[in-house]
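J.:
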Amino acid sequence: MPDFTAHRHPVLAVRCPDCGRAPGIWCRRPSGHMATDFHQSRKMEADRVFIDQYGPDASVERDGEGWIIDPRGRVGIRPQPEQMALF
Ligand SMILES: [Zn+2]
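Just so we're aligned, residue -17 is where the sequence shown starts under the numbering used here, counting upward by one.
1) Can you grab the Cα-Cα spacing for the pair A40 / C9, in whole Å?
2) Once the 5 residues before and after P5 are set aside, which same chain residues still bring their CB inside 8 Å of it?
3) Does the beta carbon of R(-3) fall short of 6 Å from some heavy atom of ligand 1?
4) In this structure, how does DSSP classify P42 when only helix, strand and coil are distinguished?
5) Following a CB-centred definition, is H21 positioned closer than 6 Å to any heavy atom of ligand 1?
6) Restricting to Cα atoms, I'd like to know which of G14, V42, T18, D19 is closest to D29.
7) Would you list the one or two residues that DSSP bridges to W49?
8) What does DSSP give as the partner residues of M16 in its beta bridges?
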């Protein structure tokens, strides 16, 4: 199971579908240079796996030098359904 708090960045928890770097290894450009950002597909994959593991309400937050999972971190920022009118 990917550990989103074990690496320098939560996205590093998953393998990159684009350049194939293993968990914990930063993305590389085709030239072999270290990329400044992760591939978009890896960020989407990390998102998908994270929601799979922790649910849509959870978020991962910076905590000093590390990361923590907040199980309700996304509750306040998601749009709430309109309250239904009774009449
Ligand atoms: Zn990559």
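Don't be surprised by glycine CBs; every beta carbon is placed ideally from N, CA and C.
T.: Once the coordinates are examined:
1) Taking the sequence shown and counting its residues from 1, the one referred to as residue 40 is at position 58. Taking the sequence shown and counting its residues from 1, the one referred to as residue 9 is at position 27. Spanning the alpha carbons of A40 and C9 requires a straight line of approximately 25 Å.
2) Walking along the sequence shown from the start, residue 5 turns up at place 23. The residues are P(-16), H(-11), L(-6), A(-5), V(-4), R(-3).
3) Reading the sequence shown from its first residue, position 15 is the one you call residue -3. Not so, every heavy atom of ligand 1 lies at least 6 Å from the Cβ.
4) Here residue 42 refers to the residue found at position 60 when the sequence shown is read from its first residue. Contrary to the premise, residue 42 reads as Val rather than Pro in this sequence. Note: V42 maps to strand in three-state DSSP.
5) Sequence index remark: in the sequence shown, residue 21 carries index 39 (1-based). Because some heavy atom of ligand 1 lies under 6 Å away, the Cβ of H21 counts as near it: yes.
6) Residue mapping note: residue 29 aligns to position 47 of the sequence shown, counting from 1. The shortest C-alpha separation from D29 is found at V42.
7) Position 67 of the sequence shown, counting from 1, holds the residue named residue 49. In the DSSP output, where bridge partners are listed per residue, W49 has R44.
8) Looking up residue 16 in the sequence shown gives position 34. DSSP, once it has assigned bridges, lists R10 as partnering M16.
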